[in-house]
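In UniProt numbering, the protein residues as written are 1 to 175. As structure tokens, the structure follows; a few thoughts come after it.
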């Protein structure tokens, strides 16, 4: 009884409704990286703009030169592919931007926003459809599942590097 009352007081004091608590639980996080070609071409702001305009919330971001070791761990599922060594070498050749985005359905929606891995197969309006020509220079990387997102976020970010916060416009984006 006391726990329920304290929980209710907490909800009221934060101006949350039970519906918003349920909605918050449905939100997920994804890992997005602007690859070295995207950074060198000055597309970081454009990519962030698209995710923010969609209504997703940035939970963490790093501008960094990734080590080959980190990239080998990140792309471990591609280790048996002939392009794996070159991919890791390329991704460590210049700075990239690692990000964690949050929102309802963010993993699936981010994949749609990015477009197909092969830019020629990407529709106009997608990031790769608008800015890319070759598969080896497709400017962005994103998690393909919630499970992958969890692993990738943990690989690239320490827990204290991620911020949970309430965006002022949440009620204008989510019901």
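The beta-carbon is built from N, C-alpha and C at its ideal position, and this holds for glycine as well.
Would you mind sorting residue 34 into buried or exposed? The rule is 16 or more other CB atoms within 10 Å of its CB. The count along the chain shown starts at 1 and reaches residue 34 at position 34. Buried, because 16 or more other Cβ atoms sit within 10 Å of the Cβ of residue 34.
Please classify residue 55: does DSSP put it in a helix, a strand, or coil? On the chain shown, residue 55 is found 55 positions in, with the first residue counted as 1. Three-state result, residue 55: coil.
Residue 146 beta carbon less than 8 Å from that of residue 127: Working through the chain shown from its first residue, we reach residue 127 at position 127. Working through the chain shown from its first residue, we reach residue 146 at position 146. No; because the gap between Cβ atoms is not below 8 Å, this pair is not in contact.
If we require 3 or more residues per run, which beta strand (DSSP E) segments fall completely within the segment 63-114? 96-104
What does the Cβ neighbour count give for residue 110, buried or exposed, with the cut at 16 atoms within 10 Å? The residue given as residue 110 occupies position 110 in the chain shown. Residue 110 is buried by the Cβ-count criterion.
Measure the beta-carbon distance from residue 32 to residue 91 and round it to whole angstroms, keeping in mind my assumption that it falls under 8 Å. Locating residue 32 in the chain shown gives position 32, where the first residue counts as 1. Locating residue 91 in the chain shown gives position 91, where the first residue counts as 1. About 14 Å; that fails the 8 Å criterion.
So residue 34 is in the beta strand (DSSP E); what residue range does that whole segment cover? Along the chain shown, one-based indexing puts residue 34 at 34. 27-34 is the extent of the beta strand (DSSP E) around residue 34.
Suppose contacts are defined by Cβ-Cβ distances below 8 Å. Is residue 104 in contact with residue 26 by that definition? Translated into positions along the chain shown, residue 104 becomes position 104. Translated into positions along the chain shown, residue 26 becomes position 26. A contact, by the Cβ cut-off of 8 Å.
Taking all protein chains shown into account, decide if residue 112 is buried (16 or more other Cβ within 10 angstroms of its Cβ) or exposed. Stepping through the chain shown from its first residue, residue 112 is reached at position 112. It counts as exposed.
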